[in-house]
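Comments concern the structure below.
Protein chains in written order, with the numbering used here: chain A, 1 to 250; chain B, 251 to 500; chain C, 501 to 750; chain D, 751 to 1000; chain E, 1001 to 1250; chain F, 1251 to 1500.
Shown next as structure tokens:
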């Protein structure tokens, strides 16, 4: 099985973090291909940055998906995810939806721990778009500058652990979701140090991607996740134009 | 007052419809500048097409907003709207949010009448993202091919009227929202033929834009609608790069 | 254009505040007529006081609306508003619904700042009746006695500003709504002192009234906002009796 | 125990129906006093008619409550109910809230069967104001003119039964609520003819009033159901003025 | 009238508390029969303990209901309640649903005060299962070990009162619900010491049971509260087997 | 990896269906142990039957989990699931929660197709308990008697397919969930015959169980999914008593 994992940001250091956790998480026989955004910002905290990341992810997915069994959008917040589900001929998964799926299997109410204050509103809206606000106990985030986006875990380990513990003690979190690709792998190192289960988006996405491929649920040829109907277009990146032309939505 | 109105699609015929209704709706002294997407599809029905339209709208807004008092994204579904609200130094309004604001002032439950079956799921999600699902009585849509996106009103007038009447009679709609830029101006011609108020997105957006400019509520320098914090970026269209650099989010 | 603005309370000092802000906000050519409740209480904080204010507003609207293009109920909480929308032949707007409409165009989550502890539960229920609880970040209110209802702004300016700042910092408010007719105009004087947009109910209502008049969306002759069906009545104020008789609901 | 039952409408024939069912339902030792609105309409179908009925009910309650242990507002839709709960020194109950309380003890999802098409939107909003929309399976209503408000049950018995059966068969109603004072007592005569439990508002209100009196839960002296704070007022009916003066809210 | 009151726990001391409050609350002529679980735990705080209590309650109800007019499951959280409503030929009520019904008649938002930290999540889920989360102001609970489950009131009276006051002052609770059979009767002794009404589950259940018996709403023979359809079974306690066989669901 | 799969019903034919699909779905190296309820009913359609199945499942889980890495409760509706998550030292998954997790990764709104009319209300409540009602497009069910619970797929294949197609065409279902252990494996045989993805509970549960085991998220030692606190108990099945004693909840 081959999974295409897309980092919609331009930070190679984050791509490396994602790749490392993806490789640790994948089943034997699963191969991981990484792609990093050709354009965009260092990391996504806002809706506008997500808009850019969504377009970058779409181009990478359109260009590189051939030969893969599933695609993973590896930024928390899942830029472009629902859009890509429409056009890709294989399953597309996001870090947030995957982490939430795992969290919902482990407890009823989860908290999200994130890397910046600014990022919280966007995460809240993403959880809400999944209809899961009723299960969100809280969101907590670091409140200090990030010296290096590739080393957030190293620099802020204690603060992140404290935020997790606060979510359990004060908000009744039954599961912790560590949010943001820069935290990829942190769940693994917190193992045994928290009093509730802790979920990582990258490993969840890899495993759920494997599951969707294995279950062969079929692809939508009707409804809102069928490929878009053919219609005139202009000026699109070649891979996207090809993708739209190659599909035949109703 | 100068309003920049962006059609995130590539159809000049739809731009013309939008412009005509914007001009009919604007207060004396309000000037309308139109921009049509340089790339994209003929009209937006799906999440993926909205992803493209969002990026096209962002580029146009970044490039053309100087000299304007507000920006309007003139496609129902509001591609890129929340993202643009963060970065633009002037108010940004969408057709959907504007039409819903008007509808909520006229009654408690509204129905949406739209131009294609496929478009309905996306509209439903947009209404839900505004937290207004509880006020949505129904969505109805044409179920036939559109020969010309610039002449939907002409070809399908009776069918559209019938959908409006059905929403009132069967779903308890207290207000009708005519959705989609291709229907711009239709509300005006249905005046007096429906038993409930009818709302148009373009005219609502123009008037609400004038209101936001007049009220001078101030711009966000904190919270999730402040400009994105400065961070490294690469490969962005020059106008977007300039916009991000020119703002100084916290 | 002529707007009838009704203060459902008996305080002339508050009527003066409302009038001043209405005049500042109105477009050129818009005329404002003020009416103050003939009976009732000094200001409305509770559901029972709103019941009285609703009846007072209904009498004033029934008697004075001829010659006006729209009616504004100028107390936050909108006493009698939905009822008046049924019977009036012109648009009727409230301060709360108008402020919320403006706030929703400026951000996703808003906080309300109010003049007394007691008033909060009622406001919460009004926001909920609009289906907008999901966008309400918080309500904060003064916790001290009001020496003069006509001078709340003067006496408590610093405390009100502190409540606004707290809503932004602690609750993630992306917009502030200043609630209560006694605060009419305060948004204007806070301009530039808050880090998020701030909304005033009176100016919002005046501008949205102008918009509804301009858009001519049509009046309901069916559904729950059509005039009440004719039926026997007894003992009503003459203006209300005349109003009910003059309408012909289905 | 003495219960004051207020008909907020002017129809003596409906008062008689209410009284008859109240007497049939009351426990031994409970006395029923009836009051009919001195002004208002024949029956309430709309928000504006409810506004009138609320004020009429408030005057009757203020004047006649002395000597009673509880007050019942006997119109479905509960005009003025929450307001009266604030000022009355004894429990105040409404037909709707009482019927819903009974229905919720008998099943999870209930349907409402009502006497006119127009009345449905108002009922829906009342159910929503109680936060119980999630348990409302449907509302069905007669769609024919009512020759006599005092004889709806006699004239439309079969149609009403058919609406009940439809709610069970099509909407999954687990309980039926017969709505509207003109249907008082109908539940009793449908006994054994429906396949799910059926609830009447008057009998529910009488029994729940007895329960609240017996349980002595205490009265609010803080929070939003405490009596309104003292403040200047003018022009109020003497009984209401006396009531406001006699209470001492915080 | 005879009411069967089931304590789904094994604690005789709690049964005694329940019985005492049931006897104080019952109308003249109502007889109370008590049953204590033959197996289970000392008191229920968790979902797993509720699973056990539900099965114990089912056996007691199946065996002892003959000769009774209604059954009460006397543990807060209502273990097995909805299940028992299906199979019992008489009304079945729970402490939670009864307390919430009373609370909803007394105010809009209620808080729950409970005996242990652990118990809170389960209560929250029960309130949510009734669709009443929107009216739940907060849950507060003792945070100290319980030396004797039969004497929680005696040992922790001051702490419980403080929790009630905190819910009113900080969370806007308009009604307090004292949760848990070990607190049966406490509401009575707090009378006059709280600034909002206070509700007890046992007395509410007894009174509402009397009401349901008196109203004779009829029993479900269709829908999801009809008796389960006959089907093969094996190994069930004799009373449950007899109960299933004796009913004839559709 | 060893998974314990529990059929909470007494039907060996259904156990065989579950086992066959579990074996087809499991990854190489995963072993499946089956257990069938020692007592209970032929299949679960109602809340009362689920109460019995929950207790049967709890006994089987308590007795047989040693030596397994995860436990699956293999009845749609997940009887006893949340309770078992508290006490089991390994992950516990249900068919419904697993199917919903898969469905949510494949589309936004899903429909459930089930084997009997009666079963629908229970399923609706289960979806609601997960907070996913907003994503439930509809539930459809067979409306005919089931001659053999082990051969529902064989006898009713066409009718089941028709219900799936109706959910897509009429309700906008973007994913179909085939509900009920008697339908285990049907998704596999419908592959390619439906226009949207189709999800099976057994295969979803097996794959998600493997994922949770692989991810090692940690077990709750605090919060509401920690083991129940130790307290006196009496008369419990020995395996359950041992389980409660062996855990040490806070």
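C-beta atoms are modelled at their ideal positions from N, C-alpha and C, and glycine is treated no differently. In this text the structure is predicted, and so the values were computed from the model without any measurement.
Distance check for residue 1360 of chain F and residue 703 of chain C, CA to CA, integer angstroms please. 44 Å
Quick one: what's got a C-beta closer than 6 Å to residue 594 of chain C's C-beta in the same chain, skipping five residues either side? 573, 578 and 581
When the distance is taken between beta carbons, is residue 534 of chain C closer than 8 Å to residue 713 of chain C? no
CA-to-CA distance, residue 601 of chain C to residue 45 of chain A, given in whole angstroms: 27 Å
Cross-chain neighbours of residue 236 of chain A in chain B, by beta carbon under 9 Å: Under a criterion of Cβ atoms nearer than 9 Å, the residues of chain B adjacent to residue 236 of chain A are, in order, 289, 290, 291 and 302.
Identify, in the order they occur along the chain, each residue of the same chain with its Cβ nearer than 7 Å to the Cβ of residue 671 of chain C, setting aside the five sequence neighbours on each side. 611, 637 and 638
Please name the residue or residues paired with residue 860 of chain D in a DSSP beta bridge. D/886 and D/925
Looking at the secondary structure, which residues open and close the beta strand (DSSP E) in which residue 1456 of chain F lies? Segment 1451 to 1465 is the alpha helix (DSSP H) holding residue 1456 of chain F; no beta strand (DSSP E) there.
Closer than 9 Å at the beta carbon, the chain A residues around residue 630 of chain C: Those within 9 Å of residue 630 of chain C in chain A number zero; the least Cβ separation is about 18 Å.
Same chain, Cβ closer than 7 Å to residue 707 of chain C, five either side skipped, listed in chain order: 525
Quick check on residue 1358 of chain F - is its C-beta less than 8 Å from some C-beta in chain B? With 8 Å as the cut-off, residue 1358 of chain F counts as an interface residue toward chain B.
Is it right to say residue 738 of chain C is buried, meaning 16 or more other beta carbons lie within 10 angstroms of its own, or is it exposed? exposed
Could you check which residue in E/1245, E/1246, E/1240 and E/1244 has the C-alpha nearest to that of residue 1060 of chain E? E/1240
Kindly indicate which residue of F/1436, F/1267 and F/1447 has the alpha-carbon position closest to the one of residue 1364 of chain F. F/1436
Proximity winner among E/1043, E/1083 and E/1215, relative to residue 1483 of chain F (alpha-carbon distances): Closest option to residue 1483 of chain F, Cα to Cα, is E/1043.
State the DSSP-derived secondary structure class of residue 729 of chain C, mapped to helix, strand or coil. strand
At a CB-CB cut-off below 8 Å, which residues of chain D make contact with residue 1105 of chain E? 841, 843, 847, 848, 851, 958 and 962
Considering only residues of the same chain and omitting the five flanking positions on each side of residue 624 of chain C, which have a CB-CB separation below 7 Å? 639
Alpha helix (DSSP H) runs wholly inside the stretch 1281 to 1363 of chain F, at least 4 long, in chain order: 1297 to 1314, 1331 to 1337 and 1345 to 1356
Would you tell me roughly how many angstroms separate the C-alpha atoms of residue 118 of chain A and residue 156 of chain A, rounded to the nearest one? 17 Å
Can you find a CB in chain C that lies within less than 8 Å of the CB of residue 374 of chain B? no
Bounding residues of the beta strand (DSSP E) (the contiguous stretch that carries residue 938 of chain D): Run containing residue 938 of chain D: none in the beta strand (DSSP E); it sits in the alpha helix (DSSP H), 936 to 940.
Does any residue of chain F bring its CB to less than 8 Å from the CB of residue 1082 of chain E? Residue 1082 of chain E belongs to the set of residues whose beta carbon lies under 8 Å from a beta carbon in chain F.
I believe residue 258 of chain B touches residue 287 of chain B by the beta-carbon criterion, under 8 Å. Please report the beta-carbon distance rounded to the nearest angstrom. 5 Å
Given a cut-off of 8 Å on the beta-carbon distance, is the pair residue 223 of chain A and residue 1446 of chain F in contact? yes
Nearest by alpha-carbon distance to residue 529 of chain C: which of C/721, C/710 and C/705 is it? Restricting attention to C/721, C/710 and C/705, the CA atom closest to the CA of residue 529 of chain C is found in C/710.
Looking at residue 22 of chain A: is its Cβ nearer than 8 Å to the Cβ of residue 6 of chain A? no
Secondary structure at residue 410 of chain B, three-state DSSP: helix, strand or coil? helix
Per DSSP, what kind of secondary structure is residue 1376 of chain F in: helix, strand or coil? helix
Check whether chain D comes within 8 Å of residue 1371 of chain F, counting only Cβ atoms and requiring the distance to be less than that. yes
Between residue 677 of chain C and residue 575 of chain C, is the Cβ-Cβ spacing less than 8 Å? With contacts defined by Cβ atoms closer than 8 Å, residue 677 of chain C and residue 575 of chain C do not form a contacting pair.
For a contact defined as C-beta to C-beta under 8 Å, what are the partners of residue 1192 of chain E on chain C? Proximity of chain C to residue 1192 of chain E at the Cβ level (cut-off 8 Å) is not reached, the minimal Cβ distance being about 22 Å.
Cα-Cα separation between residue 976 of chain D and residue 846 of chain D, rounded to whole angstroms: 22 Å
What are the residues that DSSP puts in a beta bridge with residue 196 of chain A? None; residue 196 of chain A has no bridge partner.
Which residues, in chain order, does the stretch 913 to 943 of chain D contribute to contact with chain F at a C-beta distance below 9 Å? 922 and 924
Beta-carbon proximity check, residue 1064 of chain E vs residue 1090 of chain E, cutoff 8 Å: no
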